[in-house]
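The listed protein sequences derive, respectively, from chains A and B. If you're matching positions, the first sequence starts at 1 in UniProt numbering and goes up one per residue. If you're matching positions, the second sequence starts at 1 in UniProt numbering and goes up one per residue. Single-structure report; data block below.
There are 2 protein chains.
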Amino acid sequence: MGWGDLGAFGEPSKETPNLDQMASEGMLFLDFYTANPLCSPSRAALLTGRLPVRNGFYTTNAHARNAYTPQDIVGGIPDSELLLPELLKKAGYVNKIVGKWHLGHRPQFHPLKHGFDEWFGSPNCHFGPYDNRELPNIPVYRDWEMIGRYYEDFRIDLKTGEANLTQIYLQEALDFISKQQVSQQPFFLYWAIDATHAPVYASKQFLGTSQRGLYGDAVREIDDSVGKILKHLQKLGISENTFVFFTSDNGAALISAPKQGGSNGPFLCGKETTFEGGMREPAIAWWPGHIPAGGVSHQLGNVMDLFTTSLSLAGLQPPSDRQIDGIDLLPAILQGKLIDRPIFYYRGNEMMAVRVGIYKAHYWTWSNSWEEYSKGINFCPGQNVSGVTTHTKEEHTTLPLLFHLGRDPGEKYPLSFASDEYQRALEWISGVVQQHKATMLPGMPQLNVCDKAVMNWSPPGCEKLGKCLKPPRSDPKKCVWPH
Amino acid sequence: MGWGDLGAFGEPSKETPNLDQMASEGMLFLDFYTANPLCSPSRAALLTGRLPVRNGFYTTNAHARNAYTPQDIVGGIPDSELLLPELLKKAGYVNKIVGKWHLGHRPQFHPLKHGFDEWFGSPNCHFGPYDNRELPNIPVYRDWEMIGRYYEDFRIDLKTGEANLTQIYLQEALDFISKQQVSQQPFFLYWAIDATHAPVYASKQFLGTSQRGLYGDAVREIDDSVGKILKHLQKLGISENTFVFFTSDNGAALISAPKQGGSNGPFLCGKETTFEGGMREPAIAWWPGHIPAGGVSHQLGNVMDLFTTSLSLAGLQPPSDRQIDGIDLLPAILQGKLIDRPIFYYRGNEMMAVRVGIYKAHYWTWSNSWEEYSKGINFCPGQNVSGVTTHTKEEHTTLPLLFHLGRDPGEKYPLSFASDEYQRALEWISGVVQQHKATMLPGMPQLNVCDKAVMNWSPPGCEKLGKCLKPPRSDPKKCVWPH
Numbered sequence: 001m002g003w004g005d006l007g008a009f010g011e012p013s014k015e016t017p018n019l020d021q022m023a024s025e026g027m028l029f030l031d032f033y034t035a036n037p038l039c040s041p042s043r044a045a046l047l048t049g050r051l052p053v054r055n056g057f058y059t060t061n062a063h064a065r066n067a068y069t070p071q072d073i074v075g076g077i078p079d080s081e082l083l084l085p086e087l088l089k090k091a092g093y094v095n096k097i098v099g100k101w102h103l104g105h106r107p108q109f110h111p112l113k114h115g116f117d118e119w120f121g122s123p124n125c126h127f128g129p130y131d132n133r134e135l136p137n138i139p140v141y142r143d144w145e146m147i148g149r150y151y152e153d154f155r156i157d158l159k160t161g162e163a164n165l166t167q168i169y170l171q172e173a174l175d176f177i178s179k180q181q182v183s184q185q186p187f188f189l190y191w192a193i194d195a196t197h198a199p200v201y202a203s204k205q206f207l208g209t210s211q212r213g214l215y216g217d218a219v220r221e222i223d224d225s226v227g228k229i230l231k232h233l234q235k236l237g238i239s240e241n242t243f244v245f246f247t248s249d250n251g252a253a254l255i256s257a258p259k260q261g262g263s264n265g266p267f268l269c270g271k272e273t274t275f276e277g278g279m280r281e282p283a284i285a286w287w288p289g290h291i292p293a294g295g296v297s298h299q300l301g302n303v304m305d306l307f308t309t310s311l312s313l314a315g316l317q318p319p320s321d322r323q324i325d326g327i328d329l330l331p332a333i334l335q336g337k338l339i340d341r342p343i344f345y346y347r348g349n350e351m352m353a354v355r356v357g358i359y360k361a362h363y364w365t366w367s368n369s370w371e372e373y374s375k376g377i378n379f380c381p382g383q384n385v386s387g388v389t390t391h392t393k394e395e396h397t398t399l400p401l402l403f404h405l406g407r408d409p410g411e412k413y414p415l416s417f418a419s420d421e422y423q424r425a426l427e428w429i430s431g432v433v434q435q436h437k438a439t440m441l442p443g444m445p446q447l448n449v450c451d452k453a454v455m456n457w458s459p460p461g462c463e464k465l466g467k468c469l470k471p472p473r474s475d476p477k478k479c480v481w482p483h
Numbered sequence: 001m002g003w004g005d006l007g008a009f010g011e012p013s014k015e016t017p018n019l020d021q022m023a024s025e026g027m028l029f030l031d032f033y034t035a036n037p038l039c040s041p042s043r044a045a046l047l048t049g050r051l052p053v054r055n056g057f058y059t060t061n062a063h064a065r066n067a068y069t070p071q072d073i074v075g076g077i078p079d080s081e082l083l084l085p086e087l088l089k090k091a092g093y094v095n096k097i098v099g100k101w102h103l104g105h106r107p108q109f110h111p112l113k114h115g116f117d118e119w120f121g122s123p124n125c126h127f128g129p130y131d132n133r134e135l136p137n138i139p140v141y142r143d144w145e146m147i148g149r150y151y152e153d154f155r156i157d158l159k160t161g162e163a164n165l166t167q168i169y170l171q172e173a174l175d176f177i178s179k180q181q182v183s184q185q186p187f188f189l190y191w192a193i194d195a196t197h198a199p200v201y202a203s204k205q206f207l208g209t210s211q212r213g214l215y216g217d218a219v220r221e222i223d224d225s226v227g228k229i230l231k232h233l234q235k236l237g238i239s240e241n242t243f244v245f246f247t248s249d250n251g252a253a254l255i256s257a258p259k260q261g262g263s264n265g266p267f268l269c270g271k272e273t274t275f276e277g278g279m280r281e282p283a284i285a286w287w288p289g290h291i292p293a294g295g296v297s298h299q300l301g302n303v304m305d306l307f308t309t310s311l312s313l314a315g316l317q318p319p320s321d322r323q324i325d326g327i328d329l330l331p332a333i334l335q336g337k338l339i340d341r342p343i344f345y346y347r348g349n350e351m352m353a354v355r356v357g358i359y360k361a362h363y364w365t366w367s368n369s370w371e372e373y374s375k376g377i378n379f380c381p382g383q384n385v386s387g388v389t390t391h392t393k394e395e396h397t398t399l400p401l402l403f404h405l406g407r408d409p410g411e412k413y414p415l416s417f418a419s420d421e422y423q424r425a426l427e428w429i430s431g432v433v434q435q436h437k438a439t440m441l442p443g444m445p446q447l448n449v450c451d452k453a454v455m456n457w458s459p460p461g462c463e464k465l466g467k468c469l470k471p472p473r474s475d476p477k478k479c480v481w482p483h
């Protein structure tokens, strides 16, 4: 989803009454970011509180390339990383992930090996359908074992766009919450549904209900589901003991718009880019009785903060043996404080941009290559800012492009290099960047090697279902990351 | 102001708490339009309930050109037009205009000759400062006579951006409301301040208060003023008897952005164009005790509807001897009805586009000429939709470009000509357009002739002030309208 997909953030069809109400009962974050313009690295960052370049969710196969965890990826979340659920266990939390894991699908990367107690969902995106020869269909797991595969056992009708997956994920969430309420155990639910990712789907009851087409139908179903989860918490009488945060892992995929992709509102470009449209996210915090209703925050936030904030809520400290990039947002949420902290915009192994205060500096600009662009792959459809949305990778490390995101949220008007404002802002930003680079110890890159043999051919549990497939011969190669 | 300038419409700095509260207490219109992408014609349409091409506020000097009322315009609002205040008088209303009139500045066009009882403000934009030789400074009137001139008597500091004009206009509004409440007479107040038009200004107390720069300061001052007007109505105990509507006369002037121009949110281009960014407007209706709080309407609305709706509120019928384009919005506002009606997007004498339901058809596309564009005049900065934001005037009258504004509010993806959807939508739209064209009787164009002799050299009252200037010899010419 993108920043502009919610009514509360100005989507002109205004079709998200539940999320809008969540905002009016809670706090809207207007300057909240993801850690990467792509799915897997963002999710790894959320669960580790660390930038992908630290936790290994990046590639060094080429400079500044987006990488994720397709089926043939060999890597995944390293054992050395400490995940939020692992830490929450120490405070007696029961942890469940519903939906897309995306931190590696080989046995050593299984979410139940990384702190989760329960899992219902899939290790990868719901791409397909595949023929189970070239590529296996993606498995759906319950806890340790697969219970079926997308398209075969969990239907997605690409023609009509019908699939009841979000309803299944919703029910899993509601049941888990009910169970924990009975057992009186504190819980962490990571509701990581894979809608609205393309191929977009919605349940029958939501199909055709949106002005925005199928993508809007999917948004409506998510909106409705969030509303049901919040009402469930209220019905069980635990809403004042439950902190809920809604956000997205990257900007709307404009390359799939308008049928399969959403809106980044007034921001530039979308998913895959380090412009605001790629990384500024809708974000709402909700905790009745604690968060003042109708609050709005300009705190610069990041999905990595959910790691540190969740630990803080559980009375835990973040690990002290490693660099943690997430900060504790509770002072911002509960006391309205503004904490000074930068936002880093990485593409793979390169820090492309940084936001400090209201200023953003681009050290590298790139939408995608001319070669891709000429084939119709466009991350900035309808947008073209000369010298900014470049199709060759442009280096600006000695004289970064600077934008004032208050006056110019759309990144259309770089500040004049000759202006006093540029000089003052650059001085401020340069100090932040120098400190960041001086203390940066990149992790071992996990997204370099691909091998068809590691795909989801024979996940645990496949025997019982008669769904084991024969893997091809192992042939590890450098993964190709085109943008 | 543009659609995207209010927090309630997704402006990311969210600096309009009063307008946002007005929306939460009233009704937000998401599909509300002005009658023209430019000031004077929109205002003439608002006050007559008729399209500019009917009421004369257009030019035939060239095809599809935007025209307004600069100082040297010879024309103005014809006597044959019936203005809202003229009609409201019949129901005992006292009518006041505060701010910019813009329907002609020569004696016969004076607002007090067209139904207003009181006027405080100016006939033209606050451009300047002028040297009073080539061009006179714009006069400010109280009722029949000028009481000073901009820059001379009503200061605007272009260096600092300081001017207390909005405060003066606010006080005029509050005083008028108080007076009517004492006299128990019904009133119509047309609060037509000229902020946020460039050159942008704000009072000292608002300077530097916005994240968005000087333009944002001006928006904040308007927001604060609207809040004070609404509170004043409540304090006087007449809020439940007072219908208030907030809107703008054209989209944000992106040509002046970011320092002097605002935001049209996710929409394409801005002022001067017939894309959504040029004509879709922020709009809020407020009437406590009558309009349900927090309502949202997708009714296709137009500033011309304020004419018909206001008459309806006063128990009056619109004139039956002429075509009225405005509709009565009360069923939409009070009963949540959706009234089927088209929106026409004119540029001068040409119907460029039409919206019917969720579809918009462009019969002509043009941002501005290559000649202007090459000089840096850009109505769509950072935006470029191939074949849509054209720099040559492109005719599509046989096969219009069609957009689905729900799936594609940004007008980036024309429907395929070969699709069933295109055929169905076009059939529907064609019927509406045929009927419109068949019944269209254009009015006599008022914006064709310019003459430096008619400028504001010696407005009534200038003698008392010693501010009469000698006009040059009359030399009427065709006005030049470049875009």
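All C-beta atoms, glycine included, are put in the ideal place defined by N, C-alpha and C.
Checklist line | 8 Å Cβ cutoff, Y413(A) in contact with chain B | finding: To locate residue 413(A), count along the first sequence from 1; it is residue 413. Proximity of Y413(A) to chain B, defined by a Cβ-Cβ separation below 8 Å, is satisfied.
(request) Check each candidate in F109(A), A173(A), Q167(A), E134(A) and name the one with the smallest Cα separation from W144(A). (result) Start at 1 with the first residue of the first sequence, and residue 144(A) comes out as number 144. Checked all of F109(A), A173(A), Q167(A), E134(A); the closest Cα to W144(A) is F109(A).
Q. Leaving out the 5 sequence neighbours to the left and right, which residues in its chain are closer than 7 Å to I339(B) when beta-carbon positions are compared?
A. As a working mapping, residue 339(B) is identified with position 339 in the second sequence. Only Q299, I327, P331, A332 meet the Cβ criterion.
Check: Does the separation of the CB atoms of T392(B) and W370(B) fall below 8 Å?
Finding: Here residue 392(B) refers to the residue found at position 392 when the second sequence is read from its first residue. Here residue 370(B) refers to the residue found at position 370 when the second sequence is read from its first residue. Yes, the Cβ-Cβ distance between T392(B) and W370(B) is below 8 Å.
Fill in: C-alpha gap between T274(B) and G301(A), whole angstroms
Position 274 of the second sequence, counting from 1, holds the residue named residue 274(B). Position 301 of the first sequence, counting from 1, holds the residue named residue 301(A). Going by the C-alpha atoms only, they are around 38 Å apart.
**Asked** Cα separation between T60(A) and A253(A)?
**Response** The residue labelled residue 60(A) in the question sits at position 60 within the first sequence. The residue labelled residue 253(A) in the question sits at position 253 within the first sequence. Approximately 24 Å between the Cα atoms of the pair.
- request: Starting from the Cα of S256(A), find the closest Cα among V244(A), L441(A), L214(A) and give me that residue.
  value: As a working mapping, residue 256(A) is identified with position 256 in the first sequence. Among V244(A), L441(A), L214(A), the Cα nearest to that of S256(A) is on L214(A).
Just to confirm the assignment: which complete alpha helix (DSSP H) runs, minimum length 4, are found wholly within the segment 33–108 of chain B?
List check, alpha helix (DSSP H) in window: 39–48, 52–55, 84–89.
| Between Q317(B) and chain A, is there a C-beta pair that is closer than 8 Å? | Here residue 317(B) refers to the residue found at position 317 of the second sequence. No, its Cβ sits nowhere closer than 8 Å to a Cβ of chain A.
Item checked: Alpha carbon of C39(B) to alpha carbon of F32(A), nearest angstrom -> Looking up residue 39(B) in the second sequence gives position 39. Looking up residue 32(A) in the first sequence gives position 32. Rounded to the nearest whole angstrom, the C-alpha separation of C39(B) and F32(A) is 37 Å.
(Q) Residues of the segment 332–360 of chain A in Cβ contact with chain B at a cutoff of 8 Å, in chain order, please. (A) Cβ proximity to chain B below 8 Å picks out I358 from the segment 332–360 of chain A.
DSSP three-state call for P400(A): helix, strand or coil? By 1-based counting over the first sequence, the position of residue 400(A) is 400. Looking at P400(A) - three-state DSSP - the assignment turns out to be coil, as it is neither helix nor strand.
Within a Cβ cutoff of 8 Å, which residues of the same chain sit near S178(A), ignoring the five residues on either side of it in sequence?
Here residue 178(A) refers to the residue found at position 178 of the first sequence. Cβ within range, chain order: H232, L236.
Query raised in the report: Along chain A, in chain order, which residues have C-beta atoms closer than 8 Å to that of R407(B)?
Result: Numbered from its first residue, the second sequence carries residue 407(B) at position 407. Result: Q211, R212, G213, Y215, G216, P258, K259.
Practice problem: Count the C-beta pairs between the segment 56–75 of chain B and the segment 284–299 of chain B that are closer than 8 Å, then say yes if the count reaches three, no if not. | Solution: Look at the beta carbons and you see the segment 56–75 of chain B not touching the segment 284–299 of chain B: under three pairs across the two are nearer than 8 Å.
- Relative to the alpha-carbon of Y190(B), which residue among K90(B), F120(B), I291(B) has its alpha-carbon at the smallest distance? For this step, residue 190(B) is matched to residue 190 along the second sequence. Among K90(B), F120(B), I291(B), the Cα nearest to that of Y190(B) is on F120(B).
Do the segment 38–53 of chain B and the segment 421–430 of chain B meet, that is, are 3 or more Cβ pairs less than 8 Å apart?
-> Verdict: no, contact absent.
Output yes if chain B places a C-beta closer than 8 Å to the C-beta of V219(A); else output no.
The sequence position of residue 219(A) within the first sequence is 219, counting from 1. Closer than 8 Å: no.
Inset, instruction - Taking a Cβ distance cut-off of 7 Å, strictly less, list which residues of the segment 282–298 of chain B are near chain A, in chain order. - result: Residues V296.
Margin query: Would T166(A) and A195(A) qualify as a contact pair, given that the criterion is a beta-carbon distance under 8 Å?
Written below: As a first step, residue 166(A) must be located in the first sequence, where it is residue number 166. As a first step, residue 195(A) must be located in the first sequence, where it is residue number 195. Their beta carbons are under 8 Å apart, which means T166(A) touches A195(A) by this criterion.
- prompt: Along chain B, which residues have their Cβ under 8 Å away from the Cβ of N384(A)?
  reply: Here residue 384(A) corresponds to residue number 384 of the first sequence, with the count starting at 1. Ordered by position in chain B, the residues that pass the 8 Å Cβ test against N384(A) are G382, Q383, N384.
How many angstroms separate the CA atom of G208(B) from the CA atom of N164(B)? On the second sequence, position 208 is the one that residue 208(B) refers to. On the second sequence, position 164 is the one that residue 164(B) refers to. Cα to Cα, G208(B) sits roughly 14 Å from N164(B).
Q. With C-beta atoms as the reference, is E15(B) less than 8 Å away from V226(B)?
A. What you label residue 15(B) is simply residue 15 of the second sequence in a count that begins at 1. What you label residue 226(B) is simply residue 226 of the second sequence in a count that begins at 1. No. Outside cutoff.
Could you work out which residue in L158(B), Y93(B), P129(B) is closest to Q184(B) when comparing CA atoms only?
Along the second sequence, one-based indexing puts residue 184(B) at 184. The shortest Cα separation from Q184(B) among L158(B), Y93(B), P129(B) belongs to Y93(B).
One question on the structure: do G348(A) and A67(A) come within less than 8 Å of each other, judged by their Cβ atoms?
Walking along the first sequence from the start, residue 348(A) turns up at place 348. Walking along the first sequence from the start, residue 67(A) turns up at place 67. Contact: yes.
- Item | Chain-ordered chain B contacts of residue 501(A) [CB-CB under 9 Å] | The question about residue 501(A) has no answer, for chain A in this structure spans 1 to 483.
Checklist entry - Nearest-angstrom Cα distance between Q180(A) and S474(A)? => result Stepping through the first sequence from its first residue, residue 180(A) is reached at position 180. Stepping through the first sequence from its first residue, residue 474(A) is reached at position 474. Going from the Cα of Q180(A) to the Cα of S474(A) covers about 43 Å.
Determine, using beta-carbon pairs with one atom in the segment 379–390 of chain A and one in the segment 378–388 of chain B, whether at least three such pairs fall under 8 Å.
Verdict: yes, contact present.
(request) Return no unless some Cβ of chain B is closer than 8 Å to the Cβ of L30(A). (result) Locating residue 30(A) in the first sequence gives position 30, counting from the first residue. For L30(A), the answer is yes, since a Cβ of chain B falls inside 8 Å of its Cβ.
| said: Between which two residues does the alpha helix (DSSP H) holding H232(A) run? | reply: Residue mapping note: residue 232(A) aligns to position 232 of the first sequence, counting from 1. In the DSSP assignment, H232(A) falls within the unbroken alpha helix (DSSP H) covering 214–235.
Looking only at DSSP bridge pairs, what is K478(B) linked to?
Taking the first residue of the second sequence as 1, we reach residue 478(B) at position 478. Answer is V449(B), bridged to K478(B).
Next on the checklist: According to DSSP, is G295(A) part of a helix, a strand, or is it coil?
Outcome noted: The residue given as residue 295(A) occupies position 295 in the first sequence. Here G295(A) sits in strand by DSSP.
request  = Give the interface partners of S263(B) over in chain A, defined as CB-CB distance under 9 Å, in chain order.
outcome  = On the second sequence, residue 263(B) is found 263 positions in, with the first residue counted as 1. Result: P266, P409, G410.
Exercise. Any chance you could list the alpha helix (DSSP H) runs of at least 4 consecutive residues sitting entirely within the segment 264–326 of chain B, in chain order?
Key: For the segment 264–326 of chain B, the full-length alpha helix (DSSP H) segments reaching 4 residues or more read 276–279, 304–313 along the chain.
* To do: Can you tell me which of R50(A), L329(A), G262(A) puts its alpha carbon nearest to the alpha carbon of F245(A)?
  => Walking along the first sequence from the start, residue 245(A) turns up at place 245. Checking every option, the nearest Cα to that of F245(A) belongs to L329(A).
| message | So that I know if they touch, is there some Cβ in chain A lying closer than 8 Å to that of G4(B)? | response | As a working mapping, residue 4(B) is identified with position 4 in the second sequence. Taking a beta-carbon distance threshold of 8 Å, G4(B) counts as an interface residue toward chain A.
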